[in-house]
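Colleague: So that you can map any letter, position 84 of the sequence shown is 84 in full-length UniProt numbering, and since no number is skipped, the others follow by simple counting. Got a structure for you, questions after.
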Amino acid sequence: MLQNKISLKANIGKYRFNNVLLNAAGIRCATTDELTKILHSTAGGCVTKSATPQPREGNESPRMKATPMGCINSMGLPNHGLDYYLKFAEENQDKNDNQVILSIAGLSVDQNLEMLHKIQDSSFTGLTELNLSCPNIKGESQIAYDFEAVRDILTKAFKFFKKDIGIKLPPYFDLHQFDQIAAVLNDFPIAYVNSINSIGNGLVVNADTESVVIKPKGGFGGLGGDYVKRLL
């Protein structure tokens, strides 16, 4: 008797993924070695660390702590800069069945537009992820909570960016926020929506030492893992 096989293959637009499991642009995708391991694993592809125009060291350590239910982190967007990840994406886009998604996260509208111009002029033809939801940079707010700013950056971007782009969003907690961001995104030819980033301003305390487990931002950071799954 033949058994039916369940296929985990999926598409985002014209891009085919061997399965639906991908890494997030987060903690363990900052180097080409890490990205290569993901790309050659059983994952459906890899997402690069969200890049800024220039390399960043990020926040002070310890800035990530694994917990029984997931992790808390306040990485501060450490990365090797757009050129580093763009080169990796260009070199690997035609060598593997799995996709490379190039993630960017400028600290301003102008930085994001600067990077999108560079990607538009490059040989990279895959999906670009515009991360508007980095929650753990000291002194910076998330662009995606400012709906007019989101509309502004997308209006400017789509005047020149002709490749496929997805949006990474933070969690929204009020129903009117869902309506507001939907009203913005529906006006643009966005390839996909990545929701959610980690839940910002979480706090994990070591009960034995009565102290926080990460150093930046007084111990506040983004929660991921089962914390998120159980909330949803």
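Virtual Cβ for every residue (Gly too), placed ideally from N, Cα, C. Every value quoted in this text rests on a predicted model; they were computed, and no experiment measured them.
Taking the alpha-carbon of LYS156 as reference, which of THR42, GLN111 and ASN98 has the nearest alpha-carbon?
Modeller: Nearest Cα to LYS156 within the set THR42, GLN111 and ASN98: GLN111.
Colleague: Provide the residue(s) that pair with TYR15 in DSSP beta bridges, ordered along the chain.
Modeller: ILE12
Colleague: May I ask you to report which of helix, strand or coil DSSP gives ILE199?
Modeller: strand
Colleague: Under DSSP, the beta strand (DSSP E) around ILE72 begins and ends at which residues?
Modeller: 70 to 73
Colleague: Taking the beta carbon of PRO170 as the centre, do at least 16 other beta carbons fall within 10 Å, making it buried, or is it exposed?
Modeller: buried
Colleague: Mapping DSSP to helix, strand and coil, what is GLU34?
Modeller: It is helical.
Colleague: Count the other C-beta atoms from every protein chain shown that fall within 10 angstroms of the C-beta of THR125, then say buried if there are 16 or more, exposed otherwise.
Modeller: exposed
Colleague: Relative to the C-alpha of ALA191, which candidate in LYS215, LEU154 and SER198 has its C-alpha closest?
Modeller: LEU154
Colleague: What residue from VAL109, ARG16, ASN23 and SER50 has the CA that sits closest to TYR84's CA?
Modeller: The shortest C-alpha separation from TYR84 is found at SER50.
Colleague: DSSP on LYS229, reduced to helix/strand/coil?
Modeller: helix
Colleague: Checking 8 angstroms against the spacing of the C-beta atoms, do PRO53 and GLU114 come in under that value?
Modeller: yes
Colleague: Look at the alpha carbon of PHE17 and the alpha carbon of VAL150, and state the distance between them as a whole number of angstroms.
Modeller: About 28 angstroms.
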